[in-house]
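Below is one structure, written out as structure tokens; the observations come after it.
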Amino acid sequence: MDFTFSDDQRTLRDAMRDFLAVEARPELQRQRWQTTDGRPAELWRQFAEQGLTGLSVPEEAGGLGLGDTDWVLMAQELGYCAVDDSVVDSCWIAVALLRGLPQEHPLRQPWLEKIATGQARIAVGHRINPLVADAHVAHLLLLEHNGALHALDPQSVKLTANDSVDPARRLFRVDWTPTAANCLLDAPAAAPLWQAALDRGALATAAQMLGLSKRMLDLAIAYTAERKQFGKVLGSFQAVKHLLADVAVKLEFARPVAHRAAYALSNGRPASIHVSHAKLAATEASALAAKNCMQVHGAMGYTWELDLQMYMKRAWALAGAWGDRSFHKARVADAMLKPGAPLGPGSTFTD
Amino acid sequence: MDFTFSDDQRTLRDAMRDFLAVEARPELQRQRWQTTDGRPAELWRQFAEQGLTGLSVPEEAGGLGLGDTDWVLMAQELGYCAVDDSVVDSCWIAVALLRGLPQEHPLRQPWLEKIATGQARIAVGHRINPLVADAHVAHLLLLEHNGALHALDPQSVKLTANDSVDPARRLFRVDWTPTAANCLLDAPAAAPLWQAALDRGALATAAQMLGLSKRMLDLAIAYTAERKQFGKVLGSFQAVKHLLADVAVKLEFARPVAHRAAYALSNGRPASIHVSHAKLAATEASALAAKNCMQVHGAMGYTWELDLQMYMKRAWALAGAWGDRSFHKARVADAMLKPGAPLGPGSTFTD
Amino acid sequence: MKLEYTDQQRAFRAEVRAWLEANVPTKPLQSFDTAEGFEQHRAWERTLSTGNWSMVTWPRQLGGRGCDLIEWLIFEEEYWRVRAPLRVNQNGIFLLGPTLMEYGSEAQKQRFLPCMATGEHIWAQGWSEPGAGSDMAAIRTKAVRDGDHYVINGQKIWATRAVYADWLFGLFRSDPDSQRHHGLSFILLPLKTPGITVRPIAQLNGQAGFAEIFFDDVRVPVENRLGDEGAGWNIAMSTAGFERGLLLRSPARFQATAESLIKLYLANRDSADRDPALRDAVMRAWMEAEAYALATYQTASLLKAGSRIGPESSTNKIFWSEMDRQMHETALAILGARAELMPHAPDAGDVGQWLDGFLFSTAGSIYAGANEIQRNIIAERMLGMPR
Amino acid sequence: MKLEYTDQQRAFRAEVRAWLEANVPTKPLQSFDTAEGFEQHRAWERTLSTGNWSMVTWPRQLGGRGCDLIEWLIFEEEYWRVRAPLRVNQNGIFLLGPTLMEYGSEAQKQRFLPCMATGEHIWAQGWSEPGAGSDMAAIRTKAVRDGDHYVINGQKIWATRAVYADWLFGLFRSDPDSQRHHGLSFILLPLKTPGITVRPIAQLNGQAGFAEIFFDDVRVPVENRLGDEGAGWNIAMSTAGFERGLLLRSPARFQATAESLIKLYLANRDSADRDPALRDAVMRAWMEAEAYALATYQTASLLKAGSRIGPESSTNKIFWSEMDRQMHETALAILGARAELMPHAPDAGDVGQWLDGFLFSTAGSIYAGANEIQRNIIAERMLGMPR
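Chains as they are written, first to last, in the numbering used here: chain A, 15 to 365; chain B, 15 to 365; chain C, 3 to 389; chain D, 3 to 389.
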């Protein structure tokens with residue numbers, strides 16, 4: 015029993031943190047909103063150099079061969095900087111889908127390699143999300159249809175852009191035709207892959223929301239340390255302190271849940287209840303962070319020019335991605351209210 | 015459209031407030047806990063003198079002939095002083111049941127007169143309450159059985175005392191045998207009476223909880239104005255202010271709901287949704303009042319010697335009386351989610 | 003107590019309803035925080051004024067109908083029943099209007115109120131300054147007397163509607179040596195006055211709902227002052243006070259939201275019921291909107307009966323702002339993955355207004371005095387706790 | 003990261019389980035806040051010590067088993083799984099014990115720990131004073147040095163267990179001229195020492211769970227001081243610090259409550275489901291208890307790996323106290339009209355313990371530093387906000 019991350023994992027996380035602090039700083043992110051596709055190739059190249067794109071690509075395909083517990087740390091950093099969806103979708107969720115294909119499958123090795131080297135992005139479309147994120151920059155679409163797994167050339171589909179409250183999100187309705195030719199795995203074979211993809215997607219949003227919450231909290235702490243009202247810095251008012259302390263509490267107890275879910279996923283253990291718990295806890299933490307951190311900013315918090323909006327809006331947007339509250343609460347209820355469910359003391363690490 | 019109480023109503027309320035401030039002050043209430051029956055005859059005589067026992071007894075039976083809107087004010091005062099249940103049970107709920115009997119019914123006039131003069135107390139037992147309050151001092155029991163209304167001599171039943179968290183509450187299991195002889199009204203005839211009794215009981219608890227909340231708030235304001243911590247009076251800390259301000263907000267918006275419900279009851283209009291709304295709002299307000307007012311008292315709030323306990327415990331006890339949260343939420347849901355329910359702007363005073 | 007409408011009140015409701023049904027734009031107007039939408043809303047104000055509906059509580063001769071507050075509540079209920087457009091002139095009709103009625107000279111009333119009613123003058127408000135947000139007494143923008151003019155220098159911020167509005171009202175420091183709430187004057191001025199620069203500030207939704215205003219030797223005639231010189235603070239406090247708060251946030255608005263939320267829930271019940279908290283939140287929405295309406299009717303009745311409103315009215319702001327946010331959060335939770343879509347997104351269907359409404363609701367706990375300040379006020383003025 | 007137990011840990015769990023199943027009293031003990039119940043619980047402490055289970059993290063020679071924190075969590079899980087009795091000596095084993103381990107001399111450890119393990123010494127704590135509740139640095143009770151003794155005069159309050167306990171530990175002002183957290187010493191003394199008067203204070207449930215203690219020239223040998231003279235504040239802070247917090251409120255306790263709550267809900271589902279908030283609250287109870295367990299395992303793992311715990315541990319108190327209260331409030335709401343019945347009431351059935359638990363839970367946000375103080379600490383020490 016050891017619920018810690020290794021030194022290697024923390025070193026890798028810290029490196030990514032330092033990298034993103036420069037390369038995904040708010041002013042750059044804002045510039046990216048203005049570009050047509052919002053996804054600069056140069057940044058993607060840097061992600062590949064940092065090893066992020068190949069993080070969980072097997073070593074034989076040019077990656078680092080790491081897994082979900084590494085990703086859960088990375089995704090928190092990506093969330094902290096509100097980095098776009100194509101990173102986790104391509105490099106975590108799609109990679110896991112590809113790794114789940116039979117070893118000899120002709121798409122497996124080549125696409126894994128292309129992801130690792132940064133040559134390819136993959137968008138993932140699952141029924142639970144009505145729209146597909148970052149489909150416009152994908153080189154391959156992995157789509158679900160009646161439980162089967164299909165792979166499509168982006169040229170063969172029709173994309174309709176849908177604006178999100180978060181200007182950095184790029185969402186598309188994908189009109190496409192499932193055929194035997196573009197079917198990679200039929201429904202029975204694809205079921206465990208899609209199940210894991212859904213869990214991974216939900217965990218990825220949860221982890222990003224944890225990072226987003228931390229960012230909002232940091233921004234609020236910094237702002238209230240400077241700004242004065244009634245002759246005192248805002249941060250010295252008890253009401254302001256308590257608003258932010260409440261966020262800190264929520265966040266402290268949401269994080270371990272995500273880490274535990276990552277471990278379950280990483281080890282192929284039953285993960286759904288842990289993932290859903292993680293998503294619910296992170297959603298609640300980030301909703302409170304957005305609310306309270308905006309509140310202590312006063313009217314400034316309601317402006318476009320304040321960077322806080324980037325993180326608030328991402329948090330609001332991710333709340334409904336990869337399963338909304340209803341979906342995840344139903345999964346928790348199913349698991350915990352079923353007869354004989356292990357619930358009491360001592361059940362935390364029994365599956 | 016006039017949502018105000020009349021000068022007469024307010025004068026009567028103020029008189030009762032002044033009376034109770036002396037006669038139901040905490041030290042006297044505590045002494046009453048120690049007595050065997052907890053219900054001093056002398057106090058009851060004074061209630062009769064004040065006109066409280068006959069408040070809604072018709073004038074021809076020696077009462078003031080007032081109604082539910084008067085009672086909703088009185089019950090707030092009774093709650094403010096945590097006066098025992100037999101007042102509202104005997105003089106509001108039972109009186110209304112008796113008034114609902116046919117004019118010529120032999121029990122009607124004599125018992126109404128006895129209540130008005132303070133000679134009799136009546137306990138009311140309805141299925142929704144597993145136990146009957148103050149049955150031990152009642153001269154008549156009005157009991158529900160399969161919807162019918164029965165009247166029993168207390169000598170003919172077996173009482174089993176059940177201690178409540180509130181030492182001032184006296185609750186009894188009543189073992190009795192329904193017979194044709196003790197049946198006043200059969201179920202179809204009794205249905206509207208019991209329906210109104212239930213609504214009246216729920217409204218009575220709601221109104222008392224409003225008074226209890228106000229008392230807890232007043233105690234907390236007084237305590238925090240005196241007590242010092244960290245060299246300042248407690249009440250000057252923003253966190254303490256905000257805890258009590260939140261109680262004030264809840265209370266301000268719970269009160270008009272109870273008043274509106276009283277009006278519906280008083281005028282024989284559909285009242286259930288308003289009563290349930292009132293009970294839910296008052297329960298929430300009093301739960302918050304108990305929590306926050308105890309909190310600002312610190313460890314002192316957890317002691318037997320502090321008077322706050324009298325009001326907290328009554329509030330906790332009444333939360334489940336005359337319909338618990340589940341019961342009242344179900345009634346609100348039934349009314350508001352049914353097709354064609356009038357819900358939008360303009361529907362507040364349409365029935 | 004009598005909770006039935008009189009025949010006259012019923013007739014009034016019928017008249018409002020008939021007129022609105024005949025006149026409310028069938029197509030939703032664009033946001034009044036855009037140039038085009040602003041003029042659409044101005045046109046709607048003009049239409050309202052043709053029926054004397056601009057502000058029914060004003061006297062007939064000033065463009066109103068001499069209604070009491072109960073009738074005003076009825077008007078609002080009918081207005082929100084048909085989801086008529088937001089009032090672009092709310093700073094004028096709900097805030098400045100009643101203040102003019104109380105503190106304005108006869109000449110000022112005649113000069114400003116009819117133009118306000120017709121929408122010819124759309125008003126912006128100028129309270130806050132950088133460094134004086136919730137702490138309004140920290141105002142520093144100067145209005146120095148120079149003969150029969152004030153010369154204004156300084157800066158206002160968070161001036162709602164100021165990007166497209168015609169006139170501004172606000173507090174200015176007319177006594178340069180004064181401190182805090184002393185020495186302030188309440189002044190009205192056209193935003194086109196030379197020396198004024200308006201810098202739009204984009205809100206969360208990207209639209210310029212408020213502005214920063216820079217004053218550089220802006221000359222305003224003394225007759226544009228409301229009330230006495232140096233008496234501005236009390237006038238402003240009354241502007242921010244209860245009756246206007248009641249006007250600004252009528253219960254009907256929240257009852258309309260609650261009703262829409264119930265419909266949204268019922269239409270999505272299969273998925274929503276998997277999260278039991280949603281059903282509960284929907285019920286709470288209805289109950290709270292109803293409680294707010296009841297509290298308002300009670301207050302309106304008291305005012306009508308000649309009572310004055312006590313400090314307990316300061317509880318309103320907290321209640322409606324939290325209720326409004328809660329209702330919109332519930333709606334977004336019901337919408338799930340669709341919640342993030344902008345109203346114009348092709349797949350947003352007809353639910354995009356919930357996102358808009360949510361963004362707006364997030365400001366409710368901040369503007370008109372942050373809720374933390376409101377809680378201080380409740381504690382100190384209503385509960386009498388020590389400062 | 004490895005979230006499976008080792009074979010050794012599994013074997014340990016099996017051993018704990020077997021011993022507890024054989025030894026846990028089959029009949030619930032009376033409350034330890036009664037004279038009789040106190041002695042019943044003391045007897046249980048003695049029984050525990052016969053199996054070396056009093057405090058498994060202590061060294062064998064002091065009555066423990068030399069376990070690490072993960073094993074301690076396993077012990078607690080098994081302990082709560084069978085709903086074994088509350089620990090009457092919690093002030094000793096969870097608070098003073100670890101402090102003695104860190105600051106005590108060898109002689110002090112030998113003198114106090116074994117007697118603590120057997121329950122021969124049951125400990126009370128003496129932090130608060132009238133006027134020094136959450137503000138512990140305001141302590142005024144004096145311990146004046148007189149040769150090889152301290153002479154104590156003053157008054158403590160809210161001393162838990164002090165009515166029936168044998169020994170007291172607490173902070174006293176040993177430097178009469180000192181201010182705030184300077185000049186305090188950490189002193190242990192038998193409650194039977196001449197000059198001590200204990201006045202029981204009844205709690206909400208009427209039982210004497212804490213006491214006021216009056217000191218009138220109470221002489222205590224200097225060797226009863228823990229750590230250096232005047233160093234008491236830091237020692238006390240460490241006593242109130244995280245590891246002890248963790249020991250005092252192990253997650254298993256709340257997981258047991260959550261499990262019982264789920265059972266209560268399932269047994270009353272027909273009525274409970276009419277209030278959708280109840281089902282949601284039950285789910286939340288389980289998720290929060292689980293989150294608390296996960297956070298604790300993470301912390302225990304870090305400590306085991308040699309890390310020190312940072313100020314983020316100050317979030318614990320808020321989390322568990324609010325969770326605990328919420329769980330009990332939910333249970334009472336499910337119970338409805340039955341909720342108010344005292345456990346001994348004939349019609350209470352087997353649900354009376356929820357009322358008891360609720361009353362106790364209401365104190366959670368107050369003792370061990372009121373939650374308002376905890377939020378200040380989180381803001382200032384963890385988030386670095388200005389004082």
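Every residue gets a Cβ at the ideal spot worked out from N, C-alpha and C, and that includes glycine. All figures in this text were calculated on a predicted structure; none of them were measured in a lab.
In terms of CA proximity to B:Gly354, C:Ile264 leads the group C:Ala370, C:Ala341, C:Ile264.
Contacts with chain B at 8 Å (Cβ-Cβ) include D:Arg276. For D:Lys319, the uninterrupted alpha helix (DSSP H) run begins and ends at 317–337, by DSSP. DSSP lists A:His164 as the bridge partner or partners of A:Cys197. Under DSSP, D:Gly172 takes part in a beta bridge, and its partners are D:Gly128, D:Ile189.
Annotation: the continuous alpha helix (DSSP H) that includes C:Asn236 extends over 234–241.
Under the three-state reduction of DSSP output, B:Ser178 falls in the strand class. Check the Cα spacing between A:Asp213 and each of A:Pro284, A:Lys264, A:Gln48: the tightest is with A:Pro284. DSSP, read as helix, strand or coil, puts B:Ala333 in coil. Here the stretch 123–140 of chain A does not lie against the stretch 241–250 of chain A, with fewer than 3 beta-carbon pairs under 8 Å apart.
Within chain A, the residues placing a beta-carbon under 7 Å from that of B:His256 are Ala253, ordered along the chain.
For A:Gly249, there is no enclosing beta strand (DSSP E), as DSSP gives it neither H nor E. Here B:Ala137 carries a strand assignment [DSSP, helix/strand/coil].
Rounded to whole angstroms, the gap between the alpha carbons of A:Glu319 and C:Gly211 is 13 Å.
Taking all protein chains shown into account, C:Ala269 has fewer than 16 neighbouring C-beta atoms within 10 Å of its C-beta and is therefore exposed. Within the stretch 138–170 of chain A, those residues whose Cβ lies closer than 8 Å to any Cβ of chain C are, in chain order, Ile142, Asn143, Pro144, Leu145. For B:Ala210, the nearest beta carbon of chain C is not closer than 8 Å to its own beta carbon. Beta-bridge annotation (DSSP): C:Asn155 is paired with C:Lys144. Minimum Cα-Cα distance from B:Gly65 among the listed residues B:Gly52, B:Arg53, B:Phe33, B:Leu156 corresponds to B:Phe33.
What C:His346 touches in chain A, judged by beta-carbon distance under 8 Å, is Asp177, going in chain order. Taken in chain order, the complete alpha helix (DSSP H) segments of 4 or more residues contained in the stretch 253–294 of chain A number zero; there are none. For B:Ile129, the secondary structure class from DSSP, reduced to helix, strand or coil, is helix.
Residue range 253–269 is occupied by the alpha helix (DSSP H) that includes D:Ala269. In this structure, the beta-carbon distance from C:Leu190 to C:Asn236 does not fall below 8 Å. Contact between the stretch 330–342 of chain C and the stretch 118–134 of chain C is absent: fewer than three C-beta pairs spanning the two stretches fall below 8 Å.
In the structure shown, B:Leu145 adopts coil according to DSSP, grouped into three states.
Annotation for A:Pro40: the continuous alpha helix (DSSP H) segment containing it runs 40–48. If you draw a straight line from the Cα of B:Gly215 to the Cα of B:Ala275, it is about 12 Å long. When 7 Å is used as the limit between beta carbons, B:Thr83 is near these residues of chain C: Met3, in chain order.
Going by beta carbons, C:Gly133 and C:Ser187 fall outside the 8 Å limit. In the structure shown, the three-state DSSP call for B:Val102 is helix. Of the candidates B:Arg229, B:Asp232, B:Gly225, B:Gly249, B:Gly249 places its Cα closest to the Cα of B:Thr238.
Between the alpha carbons of B:Asp103 and B:Lys264 lies a gap of roughly 27 Å. Per the C-alpha coordinates, the member of A:Ala211, A:Ala182, A:Ala329 positioned closest to A:Ala299 is A:Ala329.
By the Cβ criterion, the stretch 371–385 of chain D is not in contact with the stretch 216–225 of chain A, since fewer than three pairs of Cβ atoms, one from each stretch, lie closer than 8 Å.
Listed along chain B are Met15, each with a C-beta nearer than 9 Å to that of C:Gln11.
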